[in-house]
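Colleague: For the sequence shown, our numbering gives the first residue as 12, with consecutive numbering after it.
Here it is, the structure, as structure tokens.
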Amino acid sequence: PYAPSPAVLRGNERPVVTIVTPFFNTGPVFEETARCVLGQSLQNFEWLIVNDGSKNAEALATLARYRELADRDPRVRVIDHKANSGLSAARNTGFREARAPYVFMLDSDDLIEPTTIEKCALFLECNPAFSFVKGYTVGFAGQQYLWTRGYHDGAAILSENIVTATTMVRRDVHARVGGFDETIRGGLEDWEFWL
Numbered sequence: 012p013y014a015p016s017p018a019v020l021r022g023n024e025r026p027v028v029t030i031v032t033p034f035f036n037t038g039p040v041f042e043e044t045a046r047c048v049l050g051q052s053l054q055n056f057e058w059l060i061v062n063d064g065s066k067n068a069e070a071l072a073t074l075a076r077y078r079e080l081a082d083r084d085p086r087v088r089v090i091d092h093k094a095n096s097g098l099s100a101a102r103n104t105g106f107r108e109a110r111a112p113y114v115f116m117l118d119s120d121d122l123i124e125p126t127t128i129e130k131c132a133l134f135l136e137c138n139p140a141f142s143f144v145k146g147y148t149v150g151f152a153g154q155q156y157l158w159t160r161g162y163h164d165g166a167a168i169l170s171e172n173i174v175t176a177t178t179m180v181r182r183d184v185h186a187r188v189g190g191f192d193e194t195i196r197g198g199l200e201d202w203e204f205w206l
């Protein structure tokens, strides 16, 4: 069983980073996502799991375990949408509830390297002119690849979505651009946000 590290948040201490994870009927893969979050080298984070109206019994049982974890670990919170509202709404809820200046978006079936949160926060802290930071994406298991495309490809983002959602964004930038468009429910909501 997981036990909080002595270096985690206490009381009203503010986190350095908020990790926002939309959750909708996610299966067992969520346990791997949770392990990669809880195993980060930077432990001064809060993790907001936004339950976007899950109805699946297995998913609800998984969420119940993380509600129990939240009772022991002040970094973890489960926030509930009464009905499924889509990725945009779940991410916007996470940004609104975030207490940290930096928000890392991590879907409920994604994994990140153990130093990802630390490196992204350090980059934004040292580079105040940047609004967000993103690393490469690696496909694994059934589909193996290295995705090196991203913001550095310039105008290519105007014709295709070349950036995945696993990105750290300054919370105030999200607010300034109006967040994610919650009317987009069929995908590519992240592309609209980047544009």
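Yeah, the Cβ is synthetic: ideal placement off N, Cα and C, and Gly gets one too.
Consult DSSP for D192 and reduce its assignment to one of helix, strand or coil.
Modeller: coil
Colleague: Our contact map puts W58 next to V87 with C-beta atoms below 8 Å; I'd like the distance itself, whole angstroms only.
Modeller: 5 Å
Colleague: List in chain order: all unbroken beta strand (DSSP E) runs of 3+ residues lying wholly within the segment 82-170.
Modeller: Assignment of beta strand (DSSP E) within the segment 82-170, counting only whole runs of 3 or more residues, yields 87-92, 113-116, 143-145, 148-150, 156-158 in chain order.
Colleague: Where do the ends of the alpha helix (DSSP H) carrying V40 lie?
Modeller: 40-49
Colleague: Does DSSP put L206 in a helix, in a strand, or in coil?
Modeller: coil
Colleague: Using the rule of at least 16 other Cβ atoms within 10 Å of the residue's Cβ for burial, across every protein chain shown, is S170 buried or exposed?
Modeller: Its Cβ having fewer than 16 others within 10 Å, S170 is exposed.
Colleague: In whole angstroms, give me the CA-to-CA distance for E147 and I30.
Modeller: Note that residue 147 is Tyr in the sequence shown, not Glu. The alpha-carbon atoms of Y147 and I30 are separated by roughly 18 Å.
Colleague: What does a CB cutoff of less than 6 Å around N67 pick up in its chain, not counting 5 residues either side in sequence?
Modeller: Counting only Cβ-Cβ distances below 6 Å, and skipping sequence neighbours, we find N36.
Colleague: What three-state label does DSSP hand L59 in the structure shown?
Modeller: When DSSP states are grouped into helix, strand and coil, L59 belongs to the strand group.
Colleague: Start and end of the beta strand (DSSP E) containing R181?
Modeller: 178-181
Colleague: What three-state label does DSSP hand V184 in the structure shown?
Modeller: helix
Colleague: Check T73 in the structure and name its three-state DSSP category.
Modeller: helix
Colleague: Bridge partners of T32, per DSSP?
Modeller: DSSP lists I60 as partners of T32.
Colleague: Check whether the segment 178-188 touches the segment 114-127, taking contact to mean three or more Cβ pairs, one atom from each stretch, closer than 8 Å.
Modeller: yes
Colleague: With a 10 Å radius around its C-beta and 16 neighbouring C-beta atoms as the bar for buried, classify G197 as buried or exposed.
Modeller: G197 counts as exposed, since fewer than 16 other C-beta atoms from the protein chains shown sit within 10 angstroms of its C-beta.
Colleague: Just the Cα atoms here: how many angstroms apart are A18 and A166?
Modeller: Since pLDDT at A18 reaches only 48, below the 50 mark, its modelled position is unreliable, and no value is offered.
Colleague: Among the residues of its own chain, which have a CB less than 6 Å from the CB of R2, if the five just before and after it don't count?
Modeller: Residue 2 is absent from the model: the chain starts at 12 and stops at 206.
Colleague: Would you call the segment 94-106 and the segment 49-64 in contact, with 3 or more CB pairs under 8 Å?
Modeller: yes
Colleague: Would you please state the rounded distance, in angstroms, between the beta carbons of N172 and D201? I believe it to be under 8 Å.
Modeller: Rounded, the Cβ-Cβ distance is 7 Å, consistent with contact.
Colleague: Which term fits H163, buried or exposed, when burial requires 16 or more other beta carbons within 10 angstroms of its beta carbon?
Modeller: Label assigned to H163: exposed.
Colleague: Write down the C-beta distance between R76 and V89 rounded to the nearest angstrom, noting that I regard them as a contact closer than 8 Å.
Modeller: Actually they are not in contact, since the Cβ atoms of R76 and V89 sit about 10 Å apart, beyond 8 Å.
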